[in-house]
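These protein sequences, in sequence, are chains A and B.
Counted from 1, the first sequence has number 105 at position 104 by the numbering used here; the numbering is strictly sequential.
Counted from 1, the second sequence has number 152 at position 151 by the numbering used here; the numbering is strictly sequential.
2 protein chains.
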Amino acid sequence: MQTETPKKPEATATRERLIQAAMQVFARDGLHAATTRSIAEAAGVNEVTLFRHFQNKEGLLSAVMVHAVQSHAQEGLDDQAKWTGNLKQSLLHFGRNFYAMISRDEPFLRTMIGEAGRHPEHAKKIITDAVRPVRARFIANLEAARKAGQVRRGIDLGVAADSFTGMLFGGMLRISAGCAEGYTAEEYVNTSVEIFAAGLAPVAKP
Amino acid sequence: MQTETPKKPEATATRERLIQAAMQVFARDGLHAATTRSIAEAAGVNEVTLFRHFQNKEGLLSAVMVHAVQSHAQEGLDDQAKWTGNLKQSLLHFGRNFYAMISRDEPFLRTMIGEAGRHPEHAKKIITDAVRPVRARFIANLEAARKAGQVRRGIDLGVAADSFTGMLFGGMLRISAGCAEGYTAEEYVNTSVEIFAAGLAPVAKP
DNA sequence: TACAAATGCAAGTAAGCACTTACATGTGAA
DNA sequence: TTCACATGTAAGTGCTTACTTGCATTTGTA
């Protein structure tokens, strides 16, 4: 029994297969309804192997969270746009990337939202380690845009950043649930960016 | 045994107490983790009484959904503002009411979002019966504002309406989870409305 | 008073759950 | 060859779950 620190590379592979499977089953069935049996089955290993790698179901969940945060922290780093030019273009680029990211992990995010009140420590970890850096760089970009005269004053950029991502997030939840009436995800992002960019732009002096 | 159609008024009262308790326990523990035992305990009745009123747990959940939709459909009707005057004021009034509403039912909504993929029929019902009428009137109000020259052209008002409510909804999720950094819910709504109103306003001609 | 509806109470069922124990099998390195 | 590591297999533990059955008790009504 090796639990938590496998020596051989094949053990590490099994461990990662379990984490991947757990992420999918957790997202599909919910944290509570997901059974260790079904997770092991999805990973193609015996249920006992699951308990040899992780002390219990909670330990597996923690490992899933760590993995989810790590895989998210590595992306979004390819955003080296200028943000000092056309604000609408920059917002559109960021917004599309952001929407694609949250849309890809929609089932998992949905489960996490539903369970956030029941597992505050995991929710906090995701926020702290995964969304905060993305948010910080977005805010910094907005500040750069403001210095370039693209954003008017009198608006808290931290709140504005959360309004923008919240708008995309709320829309993604609606659209992925099939409750968007008469428009596509792309149209939603485009229109949202259109409104938001105009809302941030300095007022035109007559 | 009477199941589903009580004759005496006291039976109806018991049934409603069970529905109220179920709504709370479902929201607190999640649809799957909530047990019939704890629901009956929260309602102050015997567990057997629960099964005498509803065939099974699923039947209770359906009754909860019907009740939630009905109670929501009755509110929000006190919005007889003009919408042809100051757009920002109208949006602020609507936004505050909307935020207060979703904030009050936050645990329940959170659970529903998490479970929407697992119970599509219930999610659809909530959308169709509860959010669609509110959305329709909001859109109609935006159209009235546009006719009054308060909203520029070239923007799909259906998408805009969903962007606005999505923005408030996404912010509510963040704030209620304690992940808002350095601002209150009121500041969030104010800034969101500020940006959104400016984003919808007609461009100032030089 | 008699009756039926509504509830409580005690007990139990069958199934599923997380998790454990004991033992056999395969594999790569010393 | 040997041996520790990794996994599989089989069986079982104790607990909880949704849900049921039978019977006693209250309560409004005719």
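Cβ coordinates follow ideal geometry from the N, Cα and C atoms, glycine included.
Does the CB of residue i have a neighbour CB from chain B at under 7 Å?
| i | result |
| --- | --- |
| residue 199 of chain A | yes |
| residue 123 of chain A | no |
| residue 160 of chain A | yes |
| residue 150 of chain A | no |
| residue 100 of chain A | no |
| residue 2 of chain A | Because residue 2 of chain A carries a pLDDT of 47, less than 50, the predicted location of this residue cannot be relied on, and the following value inherits that uncertainty. Judged by the 7 Å Cβ criterion, residue 2 of chain A is not in contact with chain B. |
| residue 170 of chain A | yes |
| residue 157 of chain A | yes |
| residue 185 of chain A | no |
| residue 145 of chain A | no |
| residue 96 of chain A | no |
| residue 193 of chain A | yes |
| residue 86 of chain A | no |
Taking the alpha-carbon positions, what's the residue i to residue j distance?
| i | j | result |
| --- | --- | --- |
| residue 119 of chain A | residue 86 of chain B | 44 Å |
| residue 201 of chain B | residue 199 of chain A | 8 Å |
| residue 262 of chain B | residue 144 of chain B | Past the edges of chain B, shown from 2 to 207, lies residue 262 of chain B, and the structure says nothing about it. |
| residue 196 of chain A | residue 186 of chain A | 15 Å |
| residue 159 of chain A | residue 178 of chain A | 28 Å |
| residue 54 of chain B | residue 16 of chain B | 7 Å |
| residue 149 of chain B | residue 138 of chain B | 17 Å |
| residue 40 of chain A | residue 19 of chain A | 7 Å |
| residue 59 of chain B | residue 75 of chain B | 25 Å |
| residue 151 of chain B | residue 203 of chain A | 18 Å |
| residue 63 of chain A | residue 129 of chain A | 15 Å |
| residue 133 of chain B | residue 125 of chain B | 11 Å |
| residue 131 of chain A | residue 70 of chain A | 5 Å |
| residue 154 of chain A | residue 170 of chain B | 25 Å |
| residue 106 of chain A | residue 27 of chain A | 12 Å |
| residue 4 of chain B | residue 123 of chain A | Note that residue 4 of chain B scores 49 on pLDDT, short of 50, meaning its location in the model is unreliable and no value can be drawn from it. |
| residue 67 of chain A | residue 82 of chain A | 29 Å |
| residue 165 of chain A | residue 140 of chain A | 11 Å |
| residue 192 of chain A | residue 12 of chain B | 51 Å |
| residue 32 of chain A | residue 115 of chain B | 10 Å |
| residue 90 of chain B | residue 146 of chain B | 12 Å |
| residue 57 of chain B | residue 42 of chain B | 16 Å |
| residue 121 of chain B | residue 161 of chain A | 33 Å |
| residue 61 of chain B | residue 30 of chain A | 20 Å |
| residue 52 of chain B | residue 127 of chain B | 24 Å |
Looking at the C-beta of residue i, does it have a partner C-beta in chain A at a distance below 7 Å?
| i | result |
| --- | --- |
| residue 36 of chain B | no |
| residue 189 of chain B | yes |
| residue 114 of chain B | yes |
| residue 66 of chain B | no |
| residue 120 of chain B | no |
| residue 178 of chain B | yes |
| residue 73 of chain B | no |
| residue 111 of chain B | yes |
| residue 43 of chain B | no |
| residue 54 of chain B | no |
| residue 104 of chain B | no |
| residue 164 of chain B | yes |
| residue 127 of chain B | no |
Could you check which residue in the options has the C-alpha nearest to that of residue i?
| i | options | result |
| --- | --- | --- |
| residue 44 of chain B | B/186, B/23, B/141 and B/97 | B/23 |
| residue 167 of chain B | B/136, B/15 and B/178 | B/136 |
| residue 194 of chain B | B/172, B/42, B/180 and B/204 | B/172 |
| residue 176 of chain B | B/67, B/164, B/92 and B/190 | B/190 |
| residue 163 of chain A | B/82, B/134, B/114 and B/182 | B/182 |
| residue 102 of chain A | A/121, A/65, A/72 and A/90 | A/72 |
| residue 188 of chain A | A/93, A/161 and A/121 | A/93 |
| residue 142 of chain A | A/84, A/21 and A/127 | A/84 |
| residue 174 of chain B | B/65, B/104 and B/88 | B/104 |
4 or more residues per run - each alpha helix (DSSP H) lying fully within the segment 144-195 of chain A: 158-177
Contact between the segment 35-53 of chain A and the segment 85-104 of chain A (3+ Cβ pairs under 8 Å): no
Contact the segment 47-58 of chain B vs the segment 100-111 of chain B: 3+ CB pairs below 8 Å: no
Alpha helix (DSSP H) runs contained entirely in the segment 92-120 of chain B, provided each spans 4 or more residues: 107-116
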